[in-house]
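*Asks:* Please see the structure below; I have some questions.
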Amino acid sequence: MAQDPRAWTSSVDSLPPGDRMELWRSRVPLRPIPVRLPLYLDRLTWHRALLDQVSWSDVTFGRCHDYPGIRTDRPADAGATDIERENYNGQPEAADLEAAAMSQGESMPYAAEISRANPSCFLFVIDQSGSMDERMEGGTSKAAFVADVLNKTLYNLITRCTKADGCRPYFDVGVVAYGGNGVGSGFEGALSGTILHSLPEIEKNPLRIEERVKKVPDGAGGLVEQSTKFPVWFDPKNTGGTPMCEAMRRAAEVLVEWSDSHPNCYPATVIHVTDGQSTDGDPEHIATQLRQIATSDGQVLLFNLHIDATSSAPVIFPATESALPDHHSKALFRMSSGFPPHLVGAATERGYSATGESRFFGYKAGYEAIVDFFEIGTRASQMR
Amino acid sequence: MRLRIVFNGTVPKDDSPDSVNEDRAAIDESRQAFTLSDGASESYDSARWAGLLADAWTSGRLPASRRGIEAAIGEYERACDPSSLSWSKRAAFDRGSYATLLGISVRGAFARVIAVGDSIALGVGVDDEIVSFPYTFAEEFDRRPLLLSTKREANATLCASTVARGCVTRWPLRPGTALMMMTDALGQWLMCQDDFRGRCDTLLDVRTDDDLRYLVRSEQTNGAMKRDDTTLLHLHAEES
């Protein structure tokens, strides 16, 4: 006996539209739910706390949900019971919010589809301090190395998002550069006004387009040289100190704003590249707060890459800090997000042994590992 | 035997006006050739490539041979005119376009099925059974499928004779046999739960574009179906 094609829809869907709406109204609190995932503070208070550097005990907690797969970074003085019972500004209590969230259909974190209507965000935080002038393998300076990889990363991102009808705004991308000239946008020219730009804006505004020659397969097992246009957005820079705290704070400001205006999108990814020690304080506290910025799809991912020209062995995606040689690399390890499960496959494909215990952190990476770090870090699932 | 079209419809991945459906179907009832091609999302112009492949196979130009694929690539390159493209479009063009190919043609009392990639053919009443090709289990959709590419070197594996032989099967037809051709989102949904038979009946009962749209959108909303372009072609075998 053939089934009616609509037979397997739920009883809710089979209700007349008016009745369906009544049912939903009875399930869902009338007030909109401000944040569906793990922000422990309402965003404005949190943002103010971040900017003013107040202590955690001064901050009013709004709501708390622990979600599987998200490391919570819960402040030590935040008792779960108090948070669950917190009822601020007449908002529904935690249990109501939980029920409402369930009725809206919970999903695994980092599963939001990336589309033109729901873009994600990549924010690169780049150390341009004087020490980035140090030479790496092959005689290239660290600054030149990073600028080259960043240009190639943008090139690859744009290429992946370009179809016959043009470059699609699947991502907002920004660069926070820090060094002797302070903290600001790493873009120059037409893009220098703000930190974040949609991908089509970046595609249209490179500093220059160079002609390069690359070798491509000829289809018969050999290689042929092919002239290709290569856009350049960044030139290497290296001067002065390392205001890492200020850079992290600026990144947090940008991402609070972005996350608030994209509440249901795949969360932002921060890729931070540095060769050393902060000269304006300990950045761990701010990094912890940065990682707590969230959309309903999960928390901001913070990936740290520590470039070092010493003779120590490279350590890529470690699970502990025991193999790291100094205080600075250990601090950067602790500042890094846990390795996102959906990126493990991409790391394994490239020969890295990343697990659920690993942090997205690299120490003393060579050229290939730096390229891999950027490639894996900018791999977003569910792009459509 | 001959195959009659019961239903042929497609639903784009979303309803936004600038959304491009990258699935293509080509049908030649007089030649009894039916083709479906699903253009990969991360491609420069997969809708054009999918259309070229579907048309070429349906019209008998055999794109699954080295010479046939080469002809289709040549046609694609002429249409795109890469020398006129901006740097970003040229770079995307150089990455290539990718698409599946699923074709069914009738040879006497048999249906010849050719499948490259993860578009699925389902036969209901083939030797009194329900059979599928090339996948049988939902987990197979999680693997990276082999696709036809506009990059010649990417087709090298496919053109190896051993692989090519694995892309073809043959099903006996009799009056009443139903054949369905579908793209991966629908195929994975069909195979992913215990209710295979019920879902199979559901697909057999789809008769209108509205039926298909309702099914796809409701299952996408429930999270049971991947949000992707979705195409279904339902054929019914009868005496010629």
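First to last, the sequence lines map onto chains A and B.
When the letters of the first sequence are read in order and numbered with our numbering, they come out as residues 22 to 405.
When the letters of the second sequence are read in order and numbered with our numbering, they come out as residues 1396 to 1635.
C-beta: ideal position from N, C-alpha, C; glycine also.
1) Return helix, strand or coil for Thr1453/B, following the three-state DSSP convention.
2) Give the residues of chain B in contact with Ala138/A, contact being defined as C-beta atoms less than 9 Å apart.
3) Whose C-alpha, out of Phe1528/B, Ala1435/B and Asp1523/B, is nearest the C-alpha of Leu1585/B?
4) Cβ of Ala1487/B less than 8 Å from any chain A Cβ?
5) Would you verify that the beta carbon of Arg1490/B is, or is not, closer than 8 Å to some beta carbon of chain A?
6) Could you check whether the Cβ of Leu1542/B sits closer than 8 Å to any Cβ belonging to chain A?
7) Quick one: list the residues of chain B neighbouring Arg181/A, beta-carbon separation under 7 Å, in chain order.
8) Which word fits Ala330/A, buried or exposed, when buried means at least 16 other C-beta atoms lie within 10 angstroms of its C-beta?
9) So with CB distances below 8 Å, who are the chain B contacts of Tyr176/A?
10) Would you report the Cα separation of Leu1497/B and Asp1589/B, rounded to the nearest angstrom?
11) Could you list the residues in the stretch 183-207 of chain A with a C-beta less than 8 Å from some C-beta on chain B, going in chain order?
12) Excluding the 5 residues flanking Thr295/A on each side, which residues of the same chain have their C-beta closer than 6 Å to its C-beta?
13) With a threshold of 16 other CB atoms inside 10 Å of the CB of Asn172/A, please say whether the residue is buried or exposed.
14) Comparing the C-beta of Pro252/A with each C-beta of chain B, is any distance below 8 Å?
15) I think Thr1626/B touches Ala1420/B, with their Cβ atoms under 8 Å apart; what is that distance to the nearest whole Å?
16) Output the boundary residues of the alpha helix (DSSP H) element that contains Phe354/A.
17) Could you tell me whether the Cβ of Pro288/A comes closer than 8 Å to any Cβ of chain B?
18) Taking Cβ positions only, does Arg1565/B come closer than 8 Å to chain A?
19) In the structure shown, what three-state DSSP assignment does Asp296/A receive?
20) With burial defined as no fewer than 16 other Cβ atoms inside 10 Å of the residue's Cβ, what is the status of Pro369/A: buried or exposed?
21) Enumerated in chain order, which unbroken segments of the alpha helix (DSSP H) with a length of 4 residues or greater are wholly contained in the stretch 1470-1506 of chain B?
22) To which residues of the same chain is Ser248/A closer than 7 Å at the C-beta, ignoring the five residues directly before and after it?
23) Comparing C-alpha positions only, which one of Gly214/A, Gly242/A, Glu224/A and Ile337/A sits nearest to Gly187/A?
24) Which residue from Gln298/A, Asp239/A, Phe208/A and Phe338/A puts its Cα closest to that of Gly372/A?
25) By DSSP's criteria, Arg229/A is part of a beta bridge. Which residues make up the other side?
26) How would you call Val197/A, buried or exposed, if buried means at least 16 neighbouring beta carbons within 10 angstroms?
27) What residues are listed by DSSP as bridge partners for Cys142/A?
28) Report the start-end ranges of each beta strand (DSSP E) in the stretch 1556-1597 of chain B that is 3 residues or longer and not cut off at the edges.
29) Quick one: give me the first and last residue of the beta strand (DSSP E) that His327/A is part of.
30) With respect to the alpha helix (DSSP H) encompassing Asn177/A, which residues constitute its N-terminal and C-terminal limits?
31) Quick one: what's got a C-beta closer than 8 Å to Leu178/A's C-beta in the same chain, skipping five residues either side?
32) Can you list, in chain order, the residues of its chain with a C-beta nearer than 7 Å to that of Asp1413/B? Leave out the 5 residues immediately preceding and following it.
33) Tell me the rounded alpha-carbon separation between Asp1600/B and Ser1441/B.
34) In three-state DSSP terms, what is Arg1622/B?
35) Which residue wins for smallest C-alpha separation from Val321/A, given the options His327/A, Ser333/A, Ala334/A and Ile307/A?
36) Does Arg1622/B get closer than 8 Å to chain A when you measure Cβ to Cβ?
*Replies:* This is what the structure holds:
1) Mapped onto the second sequence, residue 1453/B falls at position 58. It is helical.
2) Residue mapping note: residue 138/A aligns to position 117 of the first sequence, counting from 1. The contacting residues are Asp1409 and Ser1411.
3) As a first step, residue 1585/B is located in the second sequence; it is residue number 190 there, counting from the start. Nearest to Leu1585/B by alpha-carbon distance, out of Phe1528/B, Ala1435/B and Asp1523/B, is Phe1528/B.
4) Along the second sequence, read from residue 1 onward, the residue named residue 1487/B stands at position 92. It does; some Cβ of chain A falls within 8 Å.
5) Translated into positions along the second sequence, residue 1490/B becomes position 95. Yes, contact with chain A.
6) Residue numbering aside, residue 1542/B sits at position 147 when the second sequence is read from its first letter. No, no contact with chain A.
7) As a working mapping, residue 181/A is identified with position 160 in the first sequence. Going along chain B in sequence order, the residues near Arg181/A (Cβ under 7 Å) are Glu1437.
8) The count along the first sequence starts at 1 and reaches residue 330/A at position 309. Label assigned to Ala330/A: exposed.
9) Looking up residue 176/A in the first sequence gives position 155. Ordered by position in chain B, the residues that pass the 8 Å Cβ test against Tyr176/A are Ala1486.
10) Position 102 of the second sequence, counted from the first residue, corresponds to residue 1497/B. Position 194 of the second sequence, counted from the first residue, corresponds to residue 1589/B. In this structure, the straight-line span from the alpha carbon of Leu1497/B to that of Asp1589/B is close to 26 Å.
11) Thr183, Lys184, Ala185, Asp186, Gly187 and Cys188
12) By 1-based counting over the first sequence, the position of residue 295/A is 274. The residues are Asp148.
13) Within the first sequence, the letter at position 151 stands for residue 172/A. Answer is buried; the Cβ neighbour count reaches 16.
14) Position 231 of the first sequence, counting from 1, holds the residue named residue 252/A. By this cut-off, Pro252/A is an interface position.
15) The sequence position of residue 1626/B within the second sequence is 231, counting from 1. The sequence position of residue 1420/B within the second sequence is 25, counting from 1. Correct: roughly 6 Å between the Cβ atoms.
16) Within the first sequence, numbered from 1, the residue matching residue 354/A stands at position 333. Where Phe354/A is concerned, the enclosing alpha helix (DSSP H) stretches over His348 to Met356.
17) Counted from its first residue, the first sequence places residue 288/A at position 267. The C-beta of Pro288/A comes no closer than 8 Å to any C-beta of chain B.
18) On the second sequence, position 170 is the one that residue 1565/B refers to. False, the Cβ-Cβ gap to chain A never drops below 8 Å.
19) What you label residue 296/A is simply residue 275 of the first sequence in a count that begins at 1. In the structure shown, Asp296/A sits in coil (DSSP, three-state: anything other than H, G, I, E or B).
20) Reading the first sequence from its first residue, position 348 is the one you call residue 369/A. It should be pointed out that residue 369/A corresponds to Thr in this sequence rather than to Pro. Exposed: under 16 other Cβ atoms inside 10 Å.
21) 1482-1490
22) Sequence index remark: in the first sequence, residue 248/A carries index 227 (1-based). Cβ within range, chain order: Glu232 and Val234.
23) Counting from one through the first sequence, the residue named residue 187/A turns up at place 166. Its Cα nearest to that of Gly187/A, the residue Glu224/A stands out among Gly214/A, Gly242/A, Glu224/A and Ile337/A.
24) In the first sequence, counting from the first residue as 1, residue 372/A sits at position 351. Out of Gln298/A, Asp239/A, Phe208/A and Phe338/A, the CA that lies nearest to the CA of Gly372/A is found in Phe338/A.
25) Counted from its first residue, the first sequence places residue 229/A at position 208. Paired residue(s): Val253/A.
26) Translated into positions along the first sequence, residue 197/A becomes position 176. That one is buried.
27) Start at 1 with the first residue of the first sequence, and residue 142/A comes out as number 121. According to DSSP, Cys142/A shares a beta bridge with Asp193/A.
28) Taking only runs of at least 3 residues, the beta strand (DSSP E) segments lying wholly in the stretch 1556-1597 of chain B are 1563-1567 and 1573-1577.
29) Indexing the first sequence from 1 puts residue 327/A at position 306. Looking at the DSSP string, the run of the beta strand (DSSP E) that includes His327/A is Leu322 to His327.
30) Along the first sequence, read from residue 1 onward, the residue named residue 177/A stands at position 156. Lys163 to Arg181 is the span of the alpha helix (DSSP H), which, as asked, contains Asn177/A.
31) By one-based count along the first sequence, residue 178/A stands at place 157. Here the set comprises Phe143, Phe192, Val194, Leu220 and Thr399.
32) Here the question's residue 1413/B lines up with position 18 in the second sequence. Beyond the five residues adjoining it in sequence on each side, Asp1413/B comes within less than 7 Å, by CB distance, of no other residue in the same chain.
33) Numbered from its first residue, the second sequence carries residue 1600/B at position 205. Numbered from its first residue, the second sequence carries residue 1441/B at position 46. Those two C-alpha atoms are separated by around 30 Å.
34) The count along the second sequence starts at 1 and reaches residue 1622/B at position 227. Three-state DSSP puts Arg1622/B in coil, outside helix and strand.
35) Translated into positions along the first sequence, residue 321/A becomes position 300. When each option's Cα is compared against that of Val321/A, the closest is Ile307/A.
36) Looking up residue 1622/B in the second sequence gives position 227. Closer than 8 Å to some Cβ of chain A, the Cβ of Arg1622/B qualifies, so yes.
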